[in-house]
Each structure stands twice: as C-alpha cells, then as structure tokens.
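**Q** Please read through the structure below; I'll follow up with questions.
Chains as they are written, first to last, in this note's numbering: chain A, 1 to 230; chain B, 231 to 433.
Encoded structure:
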C-alpha cells in the first residue's frame, strides 16, 4: 500500500506543515488505508495536545490590582523625577554662577599675568621750551615722536600730554601697545613682546658736527667770541 | 469615570477636557493626549505582557512583576510608541527579555517549586480542555527545551490565537520565517511528548 512513504508525512500534516499537493496525496491514501488513518488521528491528537498544553501554560490574567499598582508606580516615578529636578535646578544654577565668576576671574588674571612694562615718560610744560638735561637731544626725539604720532593717529601731540620716549622706528609699536593697554585688551604675551621692544637700548648715532658758519650780528654776544679766539 | 495621571496627579477625564479646552495646543493638551492613549493601552496590553511572561516564568506572581516592569518601561518610552502595533510589538519583546533575565537570575529548581505552589496556575490547569497537571509540567519542560527563537513563536501562537501575520508583526520577522519556526517548534514538542500522549486516555 506504500504506507512507509506516508508515515513521515503524517506528523507534518497533523501540524499543518505539509505542502498542499502532498497533503492531497496523503489524504487520498489515508481514505483507503485504515492504519494510516489511525496514525494520522494519533498525530492530530498529539498536535492538539501540544497546543492545548502550551495554551494552558500561558492562560491567565493579571490580578485586579495590576492596573492600580501600575498607576501608583507611574505616579511615584513622576513624583521622584520632579523631586530629582527640583534638587538639580538650584544646583545647576549655583554651578553656572560659580563657573561664570571663575571665568571672569581667570580672564582678569590672564590680563595681568605678564610683567608690567615700565614706560618712561617725560612731561612737557604747557608753555615755554623744555629744559632737558642733554641740550637738543630730547627735543629732537619729542619732535620726532610727535611727528610720527600725527602720522599714525592723525592727531598732534598736546603740549601738556605725557610723552613716551622711544627709539626711532619703534614708536608705532609702542603706541599700539599703549592704546591696547589703555583699553585693557592687552594680554600678558603682548605686553612681554612690547616690553622687549621698548627695552631695547636706544640707538644713539654719532653726531656729525657741521662747520659753523658766520654768525649773524644779532646772535653775537659781547661775552662770547664767535671766532673761538682766532 | 476614568482617571488620567498628569504630573503625578490623577485627574478625572472631565478635568482634563477642561484643561485641554482652556489651553488648546499647548503642552498640557499634548500630555493629555499621551495620557489618554496610554490609558487605552493599559486597558488591553497588560494581559499580553503578562501571558508572554507567564509562558516563560510559569509563575503568576513573577509574570505580573515582569508585566508591571514592561508596562512601566513602555510608559517611559510612550512618546515613541504611540502606534498601537508598535507598542504591542515593543511590549512583547520587552516582556520576553525581562522574563529571560529573570530565568537566568534564578535557578531552574526554584522556578519549578514556585510554579508548583502557585495557586493561580493550578486553577488554570483545571480547564477541561487542558491536559492534567503532570502533563502540563511535561509540556512546560518541552517548551523550555526549545531554543528561544522557537519558544517565543510557540508562546505567541498560544496567546489569544495570534495568526502567523500577527506574530510576524509582533516579532518583526517575515511571515514565512514565523510559519517555519512555528512548525519546527510544534514538531519538536510533539516528538518529546509523543510517549505521554500514548499513555493518556483519548478524549
């Protein structure tokens, strides 16, 4: 009857896992074979038993208190979250304030971390000629710096203004440094570099003495010999 | 009259409606809508989580704890799970993972002792369509012996008569995969339980 061929198909058919073409063939055979019909019925019973057994394991419902308990837990959690945030907000605000103070303090400290340059200045009187210790030298320098200041800043030197004495060629740098310092924007690094420039020794060139020409009669003094005693 | 939780305070629905009317479109009404949707999930989804957990843990008390935890986590992530199908799929997977974690956390012997003492489970086994208690234990053992991939399909198929398509949605798998896994699971269980059925009177 070919029952060996169909024995392997019986369980699959009972578990709804057999192809429909094979299933038709199996059922056609089972309709004529008592043994296969019985085997199929047993396989089907086994399948039903498995399904019923698993269904029994997973049947059941949560208790009546389930929803109330869950709502209570949700409410508690929300309350706990709020309490946590209520503690965190003042803490965060305090931290932010402390951080801001720290940043401001550090910024100020950074501005003054370099050595403070010593700027040598001379005062010019409001009127009348200057009386420098070395005749002609300071006046020449002041005139030179005044000229450069006018070039750089577009404003002349006031007679009452303090003037910084710097070597020729470094005045622009010194003035920039001075401006930055006044505006409190200079960092320690800028100051150090500017100080290094300023502290360079003055370059004093040899003075070329021109032959003295004939003085005018107005300049002659009765106490001086314009010809050097010649 | 339903009560809805907002900000840790339970309000009755009429109060919520009043709030939503007074402040249309603001955060209150959005939170109200979320709370209302969660209430709907709360009405039908805990049973699903509970049964998935029960299929793994075989203990009503523990299954309820797992279902509670899964629903609480679902509540925390509800803004991402507003779609009903997505919510159910997420809940099944979470309950499944939590249950497996519990299984790993405790010994197998302790689980069986607790299951034996569980009054609710005993009541379930007295269903006329269900096999006797000893057979139920054997079915449980056969189910536990399945690989996790096959076991979840078997459990879901037994819960609420889920179809292959519904299980595929819940598990995020192709329908064919679910079908073949279900067949394999049932076949393995049938092979294990074959001798037990032969010794059981037909009926």
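C-beta: ideal position from N, C-alpha, C; glycine also.
Name the two residues that bound the continuous alpha helix (DSSP H) containing residue 283/B.
**A** Residue 283/B sits at position 53 when you count from the first residue of the second chain. That run of the alpha helix (DSSP H) goes 276 to 287.
**Q** Give the single residue among 45/A, 19/A, 7/A whose Cα lies nearest to the Cα of residue 36/A.
**A** Indexing the first chain from 1 puts residue 36/A at position 36. Of 45/A, 19/A, 7/A, the residue nearest in Cα terms is 7/A.
**Q** Run through DSSP, which three-state label would residue 370/B get?
**A** Taking the first residue of the second chain as position 1, residue 370/B is located at position 140. Residue state, collapsed to three classes: helix.
**Q** Less than 8 Å separating the beta-carbons of residue 302/B and residue 74/A?
**A** Along the second chain, read from residue 1 onward, the residue named residue 302/B stands at position 72. Along the first chain, read from residue 1 onward, the residue named residue 74/A stands at position 74. Taking 8 Å as the Cβ cut-off, residue 302/B and residue 74/A qualify as a contacting pair.
**Q** Do residue 328/B and residue 299/B count as a contact pair if the criterion is CB distance below 8 Å?
**A** Numbered from 1 along the second chain, position 69 holds the residue referred to as residue 299/B. Numbered from 1 along the second chain, position 98 holds the residue referred to as residue 328/B. Their beta carbons are under 8 Å apart, which means residue 299/B touches residue 328/B by this criterion.
**Q** What is the DSSP secondary structure of residue 3/A, reduced to helix, strand or coil?
**A** Along the first chain, one-based indexing puts residue 3/A at 3. Of the three classes helix, strand and coil, the one that applies to residue 3/A here is helix, per DSSP.
**Q** May I have the straight-line CA-CA distance separating residue 416/B from residue 330/B, to the nearest angstrom?
**A** Here residue 416/B refers to the residue found at position 186 of the second chain. Here residue 330/B refers to the residue found at position 100 of the second chain. For residue 416/B and residue 330/B, the distance between alpha carbons rounds to 21 Å.
**Q** Are any of the Cβ atoms in chain B nearer than 8 Å to that of residue 34/A?
**A** By 1-based counting over the first chain, the position of residue 34/A is 34. Chain B, which has no Cβ nearer than 8 Å to the Cβ of residue 34/A, makes this no.
**Q** Strictly under 8 Å for the Cβ-Cβ distance: is residue 56/A near chain C by that measure?
**A** Here chain C cannot be found, since the structure's protein chains are A and B.
**Q** Can you tell me whether residue 91/A is buried or exposed? The criterion is at least 16 other CB atoms within 10 Å of its CB, across all chains shown.
**A** Residue numbering aside, residue 91/A sits at position 91 when the first chain is read from its first letter. So residue 91/A ends up on the exposed side.
**Q** Find the nearest neighbour of residue 9/A within the set 86/A, 39/A, 87/A, judged by alpha-carbon distance.
**A** Against the first chain, residue 9/A aligns to sequence position 9. That would be 39/A, whose Cα lies nearest to the Cα of residue 9/A.
**Q** Rounding to the nearest angstrom, what Cα-Cα distance links residue 13/A and residue 277/B in this structure?
**A** By one-based count along the first chain, residue 13/A stands at place 13. By one-based count along the second chain, residue 277/B stands at place 47. Going by the C-alpha atoms only, they are around 32 Å apart.
**Q** With a cut-off of 8 Å on the beta carbons, I'd call residue 316/B and residue 389/B a contact; round off their distance for me.
**A** Walking along the second chain from the start, residue 316/B turns up at place 86. Walking along the second chain from the start, residue 389/B turns up at place 159. Not a contact, Cβ separation roughly 18 Å.
**Q** Measuring straight from C-alpha to C-alpha, what distance separates residue 374/B and residue 401/B?
**A** Along the second chain, one-based indexing puts residue 374/B at 144. Along the second chain, one-based indexing puts residue 401/B at 171. About 19 Å.
**Q** So, under 8 Å CB-CB, residue 293/B and residue 304/B are touching, yes? Tell me the CB distance rounded to an integer number of Å.
**A** Locating residue 293/B in the second chain gives position 63, counting from the first residue. Locating residue 304/B in the second chain gives position 74, counting from the first residue. Incorrect: roughly 16 Å between the Cβ atoms, too far for contact.
**Q** Exposed or buried, residue 291/A, counting other C-beta atoms within 10 Å across all chains shown (16 or more means buried)?
**A** Here chain A has residues from 1 to 230 only, and residue 291/A is not among them.
**Q** In the DSSP assignment, the alpha helix (DSSP H) including residue 29/A goes from what residue to what residue?
**A** The count along the first chain starts at 1 and reaches residue 29/A at position 29. Start and end: 20 to 30.
**Q** Might you give, ordered along the chain, the residues of its own chain that have their beta carbon closer than 7 Å to the beta carbon of residue 408/B, omitting 5 neighbours on each side?
**A** Taking the first residue of the second chain as 1, we reach residue 408/B at position 178. 383, 394, 397, 398, 401, listed in sequence order.
**Q** The alpha helix (DSSP H) that contains residue 200/A, what's its start and end?
**A** Working through the first chain from its first residue, we reach residue 200/A at position 200. Per DSSP, residue 200/A belongs to no alpha helix (DSSP H) and is neither H nor E.
**Q** Given a limit of 7 Å on CB to CB distance, which residues of the stretch 362 to 395 of chain B reach chain A?
**A** Flagged, chain order: 365, 366, 369, 370, 373, 384, 385, 388, 389.
**Q** Would you please verify whether the beta carbon of residue 74/A is less than 8 Å from any beta carbon of chain B?
**A** Locating residue 74/A in the first chain gives position 74, where the first residue counts as 1. It does; some Cβ of chain B falls within 8 Å.
**Q** Can you tell me whether residue 55/A is helix, strand or coil according to DSSP?
**A** The sequence position of residue 55/A within the first chain is 55, counting from 1. DSSP places residue 55/A in helix when its eight states are reduced to three.
**Q** Anything in chain B within Cβ reach of residue 27/A, meaning under 9 Å, just list it in chain order.
**A** The residue given as residue 27/A occupies position 27 in the first chain. Correct list: empty, because the minimum Cβ distance to chain B is about 19 Å.
**Q** DSSP on residue 61/A, reduced to helix/strand/coil?
**A** Along the first chain, one-based indexing puts residue 61/A at 61. Three-state DSSP puts residue 61/A in coil, outside helix and strand.
**Q** Please confirm whether residue 274/B has its beta-carbon closer than 8 Å to some beta-carbon of chain A.
**A** Within the second chain, the letter at position 44 stands for residue 274/B. Cβ-Cβ to chain A under 8 Å: no for residue 274/B.
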